Amino acid sequence: MILNDFCEELSEALFPPLCLACSEVISGKAHEVFCPDCLRQITFITGSCCPVCGIVFPDSPAEDHLCGNCLERKPWFSSARAAVAYDGIILDAIHRFKYGRDITTGSALSTFLAGFKFEDMDFHLFDAIIPVPLHIKRLRERGFNQSIILSRALGKKHHLRVDFSLLKRCKLTLIQTGLDKNNRAKNISGAFVAGPKVKIQGKNLILVDDVYTTGSTVNECAKTLIRSGASKVAVLTLARVF
Ligand SMILES: [Zn+2]
Ligand SMILES: [Zn+2]
Numbered sequence: 644m645i646l647n648d649f650c651e652e653l654s655e656a657l658f659p660p661l662c663l664a665c666s667e668v669i670s671g672k673a674h675e676v677f678c679p680d681c682l683r684q685i686t687f688i689t690g691s692c693c694p695v696c697g698i699v700f701p702d703s704p705a706e707d708h709l710c711g712n713c714l715e716r717k718p719w720f721s722s723a724r725a726a727v728a729y730d731g732i733i734l735d736a737i738h739r740f741k742y743g744r745d746i747t748t749g750s751a752l753s754t755f756l757a758g759f760k761f762e763d764m765d766f767h768l769f770d771a772i773i774p775v776p777l778h779i780k781r782l783r784e785r786g787f788n789q790s791i792i793l794s795r796a797l798g799k800k801h802h803l804r805v806d807f808s809l810l811k812r813c814k815l816t817l818i819q820t821g822l823d824k825n826n827r828a829k830n831i832s833g834a835f836v837a838g839p840k841v842k843i844q845g846k847n848l849i850l851v852d853d854v855y856t857t858g859s860t861v862n863e864c865a866k867t868l869i870r871s872g873a874s875k876v877a878v879l880t881l882a883r884v885f
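In terms of my numbering, the sequence shown opens at residue 644 and continues consecutively.
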């Protein structure tokens with residue numbers, strides 16, 4: 644233990660942690676990802692929200708209730724929660740990770756996600772984490788799946804296995820950016836295929852992705868898993884669009 648503390652102090656002195664956004668040295672906090680100034684710029688998702696899709700209600704009513712979208716058509720997932728809003732320095736960092744192929748940033752973001760306290764998530768109730776899969780062609784273009792990197796950190800933190808075999812992307816779809824909610828849902832329809840039923844039946848699963856935009860992708864994943872017998876599918880993302 645003492646040796647571990649010494650090693651940690653030595654490594655911090657030699658390689659002090661740098662803020663992911665502004666590159667300032669973060670003194671004395673090896674596990675921190677952002678400096679205090681940058682942390683203040685991040686919009687953490689708190690307050691009263693839709694218990695299913697997690698959209699925050701601006702007027703913060705005393706009790707949670709379903710939002711209009713979930714009342715109109717209830718999603719296949721039981722809940723979707725995100726740590727932070729998809730804007731400012733978080734948006735920049737996710738873009739560096741995903742499109743700039745900056746794995747160091749990805750690793751820091753996954754530490755940040757794993758350290759986030761999701762208030763109403765009881766991780767003990769779940770059997771496995773499933774990263775939202777990329778089509779093999781997109782995987783080859785990008786070189787990695789950002790959801791797997793996020794999933795691994797979450798799995799390690801919450802002692803859950805990450806299982807890629809339960810969901811595959813069988814259809815190469817258009818990039819969702821620029822499509823409205825209806826077209827996103829149409830575009831992604833039938834894009835996934837579930838793994839062996841015996842491994843899915845009766846299981847509580849957590850789907851992990853980097854960003855929740857309209858929820859079309861994770862809803863299609865959840866539909867595929869529920870139709871294959873999953874008991875419950877919850878969604879966790881690093882960021883959410885509002
Ligand atoms: Zn900073
Ligand atoms: Zn909702």
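We treat Cβ as the ideally placed atom computed from N, Cα and C, and that holds for glycine. Please read all numbers here as calculations on a predicted model, not as lab measurements.
DSSP three-state assignment for residue i, whether helix, strand or coil
i: P774; result: strand
i: C598; result: Limits of the chain in this structure are 644 at one end and 885 at the other, which puts residue 598 out of reach.
i: I843; result: helix
i: L868; result: helix
i: T860; result: helix
Nearest-angstrom beta carbon gap, residue j and residue i [assumed within contact, 8 Å]
i: S859; j: K814; result: 14 Å between Cβ atoms; not a contact.
i: F700; j: C692; result: 6 Å
i: I772; j: L803; result: 5 Å
i: I843; j: L797; result: That belief does not hold up - the Cβ atoms of I843 and L797 are roughly 19 Å apart, past 8 Å.
Proximity to residue i [Cα-Cα], best of the options
i: I869; options: Y729, P839, L782; result: P839
i: L734; options: C681, A757, A837, F835; result: C681
i: N788; options: C696, L709, V876, D745; result: D745
i: A837; options: H767, Q819, K811; result: K811
i: E863; options: V668, S721, L881; result: S721
i: R739; options: R785, H674, V841; result: R785
i: A726; options: S753, T747, D702; result: S753
i: I688; options: Y729, G711, H778; result: Y729
i: T686; options: F759, I818, D770; result: F759
i: A828; options: V841, V861, K846, L709; result: V861
CB contact flag (residue i, residue j, <8 Å)
i: V884; j: T867; result: no
i: A873; j: L848; result: yes
i: L879; j: F761; result: yes
i: G749; j: Q684; result: no
i: D853; j: K741; result: yes
i: S670; j: P659; result: yes
i: A834; j: K799; result: no
i: A751; j: V676; result: yes
i: L663; j: A723; result: no
CB contact below 8 Å: residue i versus chain C
i: L663; result: Annotation note: the requested chain C is absent from the structure, which comprises a single protein chain.
_Please give the ranges of any beta strand (DSSP E) in the stretch 750-835, keeping only runs that are unbroken, at least 3 residues long and fully inside the region._
771-774, 810-812
*Starting from the N-terminal side, write out each stretch of the alpha helix (DSSP H) that is 4 residues or longer and does not extend beyond the stretch 704-747.*
711-715, 731-741
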